[in-house]
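Chemist:
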Amino acid sequence: MINVEIVRNYNKWREHKQINKSLIKKITQNILLRFDNFSKIKQFELSILLTNVAEILTLNKQFRNIEKATNVLSFPSNELNWQDLYSKLEFLGDSDYMHLGDIAFCYEVIYNESCEQQKTFENHFIHLLIHSILHLIGFDHQNDTEANIMENLEIEILSYFGIFSPY
Numbered sequence: 005m006i007n008v009e010i011v012r013n014y015n016k017w018r019e020h021k022q023i024n025k026s027l028i029k030k031i032t033q034n035i036l037l038r039f040d041n042f043s044k045i046k047q048f049e050l051s052i053l054l055t056n057v058a059e060i061l062t063l064n065k066q067f068r069n070i071e072k073a074t075n076v077l078s079f080p081s082n083e084l085n086w087q088d089l090y091s092k093l094e095f096l097g098d099s100d101y102m103h104l105g106d107i108a109f110c111y112e113v114i115y116n117e118s119c120e121q122q123k124t125f126e127n128h129f130i131h132l133l134i135h136s137i138l139h140l141i142g143f144d145h146q147n148d149t150e151a152n153i154m155e156n157l158e159i160e161i162l163s164y165f166g167i168f169s170p171y
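Under the working numbering, think of the first position of the sequence shown as 5, with each following residue one higher.
See below:
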């Protein structure tokens with residue numbers, strides 16, 4: 005079971021009714037089912053903040069010391085490494101509960117990027133959600149190898165939902 009908490013701190017998000025708990029649960033489940041190591045966990049939790057440029061600026065400055073708006077910020081609750089996800093190790097212990105982390109999305113940045121890239125707002129949001137969840141479970145793009153692995157997984161998941169590769 006995946007429990008999703010959504011906080012909407014900006015009214016423009018209400019225009020996108022497709023972006024809801026059901027969508028977020030479906031995408032999260034699709035990602036987690038790809039890794040056997042998550043199969044023993046019975047309950048996952050994920051917190052989503054749908055906000056605006058002012059709040060994302062504050063968060064980016066506070067947590068990353070970057071004074072710039074960004075489309076999304078991910079805050080993992082666990083220090084996972086993507087390589088462990090493919091091993092048969094019991095890296096998660098005996099817990100049957102896992103808080104994946106928190107994700108903050110910025111409406112204005114996502115809107116502007118979707119217009120510039122000629123994508124629908126919803127498809128761009130889904131891509132960023134997939135990208136963020138992968139960060140929460142230990143994926144990163146600090147070098148070309150990691151970036152290729154993460155991007156290929158994103159493309160595969162996007163394809164499952166009928167969305168073309170953004171790369």
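For every residue, glycine included, the Cβ atom is placed at its ideal position computed from N, Cα and C.
1) Could you round the C-beta distance between residue 33 and residue 126 to whole angstroms and report it? I think they count as a contact, below 8 Å.
2) Could you name each continuous alpha helix (DSSP H) segment of 4 residues or more that falls completely within the stretch 45 to 113, going from the start of the chain to the end?
3) Would you mind giving the Cβ-Cβ distance between residue 53 and residue 108, rounded to the nearest angstrom? I have them listed as a contact below 8 Å.
4) Please look up how many angstroms separate the CB atoms of residue 171 and residue 159, rounded, as I've assumed it's under 8 Å.
5) Could you give the C-beta distance for residue 114 and residue 167, rounded to a whole number, given that I count them as a contact under 8 Å?
6) Taking the CB atoms as reference points, tell me whether residue 14 and residue 56 lie closer together than 8 Å.
7) Looking only at DSSP bridge pairs, what is residue 7 linked to?
8) Are the stretch 136 to 145 and the stretch 74 to 86 touching, with three or more C-beta to C-beta distances below 8 Å?
9) Is residue 18 helix, strand or coil by DSSP?
10) If we ignore side chains and look at the alpha-carbon of each, how far apart do residue 46 and residue 156 end up?
11) Taking residue 61 as the reference, give the member of 110, 16, 30 and 145 with the closest Cα.
Modeler: Looking at the coordinates:
1) Incorrect: roughly 18 Å between the Cβ atoms, too far for contact.
2) Qualifying alpha helix (DSSP H) stretches, in chain order: 57 to 68 and 86 to 89.
3) Sure, about 4 Å apart at Cβ, within 8 Å.
4) Contact check for residue 171 and residue 159: beta-carbon distance about 7 Å, within the 8 Å limit, so the pair qualifies.
5) Actually they do not touch by this definition, with Cβ atoms about 15 Å apart.
6) Yes, the pair counts as a contact, with Cβ atoms nearer than the cut-off.
7) According to DSSP, residue pairing for residue 7 in a beta bridge involves 49.
8) Enough Cβ pairs lie closer than 8 Å, so yes.
9) Three-state result, residue 18: helix.
10) Taking the straight line from one Cα to the other gives about 27 Å.
11) In terms of Cα proximity to residue 61, the closest of 110, 16, 30 and 145 is 110.
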